[in-house]
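Numbering-wise (UniProt numbering), the sequence shown opens with residue 1 and increments by one. All C-beta atoms in this analysis are idealised placements derived from N, C-alpha and C, irrespective of residue type, glycine included. Report on the following structure.
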Amino acid sequence: MAIVLAVVLVIALLTAWVAGAGSMPSQGVPGSTDATRLGPAPGETVTGYLARAAAVPPGPSGPRPALVQFATEQDLAGAAAAVAGTEATAREAVFRVPLPRVQTALRGVTLDATGTVDPVAALRLAEARADNQAGEQARTSSGRPAAVAAAESARLSAGCACVVALVVETDPAALPVLRARPGVRAVEVAPAGAQISALAVSPLLPEQTDDGRDPPETVGPVPDDGPVPAG
1 MAIVLAVVLV IALLTAWVAG AGSMPSQGVP GSTDATRLGP APGETVTGYL ARAAAVPPGP
61 SGPRPALVQF ATEQDLAGAA AAVAGTEATA REAVFRVPLP RVQTALRGVT LDATGTVDPV
121 AALRLAEARA DNQAGEQART SSGRPAAVAA AESARLSAGC ACVVALVVET DPAALPVLRA
181 RPGVRAVEVA PAGAQISALA VSPLLPEQTD DGRDPPETVG PVPDDGPVPA G
């Protein structure tokens, strides 16, 4: 009798586990079930990601979203120059204030889509919005997060070199010109059919490099043990 009860209990537990597993949320992009990720995945090696980004997913010709990532943080003029004269149209700027050994936020801001605004002026408006985001975070948080956000806001309002990437629309056939631009480290093209409104963007950061170490460097959180500059 005890053996029968034990078997019944095991079956019940297994049934409950399967039901629970079936209802667990997926481990994909938070808040989205259909987002297209551009940028390295956590734990991916830098070398592996750069090789993956160099490949173009198959599909018909025509504009697609792509992530242009810089070797060093760019000021507004440098970011605009990276795509000027190419067939790439900038749609979003990704700002990140570089502070030594301090984690700062990636702030993606949509750019003017009408084509009537000068590219540098459009980036300047985006920079102001990123500044407002940081300022609001500084006002509504406390402790180290508030101090970091205040320092970010101060740098952005002063016009720092803080553009780490641009989201653009471009035909894959135009990639060689874009990838050859000074300061461009990598351009990852989204699969055919991807929409800019459904992207999850996390660019490779300038300090995430492959210096030949063994084991190879992987993508992960940057150090956050340094002093926070005054805002």
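Review point. Quick one: any contact between the stretch 99-107 and the stretch 145-160, if contact means 3 or more CB pairs under 8 Å?
Key: yes
Exercise for review: For Cys160, I'd like the list of residues in its chain whose CB is within less than 7 Å of its CB, leaving aside the five on either flank, ordered along the chain.
Suggested key: Within the sequence shown, numbered from 1, the residue matching residue 160 stands at position 160. Excluding residues within five positions, the ones whose Cβ falls inside 7 Å are Val97.
Review point. Around the Cβ of Gly220, are there at least 16 other Cβ atoms within 10 angstroms (buried) or fewer (exposed)?
Key: For the purposes of this step, residue 220 is taken as the residue at position 220 of the sequence shown. It is exposed - the Cβ of Gly220 has fewer than 16 other Cβ atoms within 10 Å.
Check your understanding: Using the C-alpha atoms, what's the distance from Ser142 back to Pro206?
Key -> Locating residue 206 in the sequence shown gives position 206, counting from the first residue. Locating residue 142 in the sequence shown gives position 142, counting from the first residue. Using only the alpha carbons, I get a separation of about 28 Å.
Exercise for review: My understanding is that Leu156 touches Arg124, with C-beta atoms under 8 Å, so please give their C-beta distance in whole angstroms.
Suggested key: The residue given as residue 156 occupies position 156 in the sequence shown. The residue given as residue 124 occupies position 124 in the sequence shown. Their Cβ separation, rounded to whole angstroms, is 11 Å, which puts Leu156 and Arg124 out of contact at 8 Å.
Check your understanding: Leu178: which of Arg107, Ala88, Asn132, Ala80 sits nearest, CA to CA?
Key -> Sequence index remark: in the sequence shown, residue 178 carries index 178 (1-based). Measuring from the Cα of Leu178, the nearest candidate turns out to be Ala88.
Exercise for review: Return the CA-CA distance between Glu169 and Leu111, expressed in angstroms with no decimal places.
Suggested key: Taking the sequence shown and counting its residues from 1, the one referred to as residue 169 is at position 169. Taking the sequence shown and counting its residues from 1, the one referred to as residue 111 is at position 111. Taking the straight line from one Cα to the other gives about 12 Å.
Check your understanding: Going by the beta-carbon positions, is the gap between Leu199 and Val167 smaller than 8 Å?
Key -> Translated into positions along the sequence shown, residue 199 becomes position 199. Translated into positions along the sequence shown, residue 167 becomes position 167. Against a cut-off of 8 Å, the Cβ pair of Val167 and Leu199 comes out as a contact.
Practice item. Pull up the DSSP beta-bridge partners for Gly193, would you. Key: Position 193 of the sequence shown, counted from the first residue, corresponds to residue 193. Paired residues: none, contrary to the question.
**Study point:** Own chain residues within Cβ distance below 6 Å of Gly43, not counting five before or after
**Key:** As a working note, residue 43 is residue 43 in the sequence shown. If we look at Gly43 and ignore the five residues flanking it on each side, its Cβ neighbours are Thr218.
Practice item. Scan the stretch 170-219 and note each continuous alpha helix (DSSP H) run of 4 residues or more that stays entirely inside, going in chain order. Key: 175-179
Point to revise | Pro40 and Leu204 closer than 8 Å at C-beta | key: For the purposes of this step, residue 40 is identified with residue 40 of the sequence shown, where counting begins at 1. For the purposes of this step, residue 204 is identified with residue 204 of the sequence shown, where counting begins at 1. Yes, Cβ-Cβ distance for Pro40 and Leu204 is below 8 Å.
Check your understanding: For the candidate residues Pro229, Pro215, Pro191, Asp224, whose alpha-carbon lies nearest to that of Thr36?
Key -> As a position in the sequence shown, residue 36 is number 36, starting the count at 1. With distances taken between Cα atoms, Thr36 lies closest to Pro191.
Exercise for review: Taking only the alpha-carbon atoms, compute the straight-line gap between Arg129 and Ala121 and give it to the nearest angstrom.
Suggested key: Translated into the one-based positions of the sequence shown, residue 129 becomes position 129. Translated into the one-based positions of the sequence shown, residue 121 becomes position 121. Going from the Cα of Arg129 to the Cα of Ala121 covers about 13 Å.
Check your understanding: For the putative contact between Ala84 and Pro57, defined by C-beta atoms under 8 Å, what is the C-beta separation to the nearest angstrom?
Key -> Walking along the sequence shown from the start, residue 84 turns up at place 84. Walking along the sequence shown from the start, residue 57 turns up at place 57. Incorrect: roughly 26 Å between the Cβ atoms, too far for contact.
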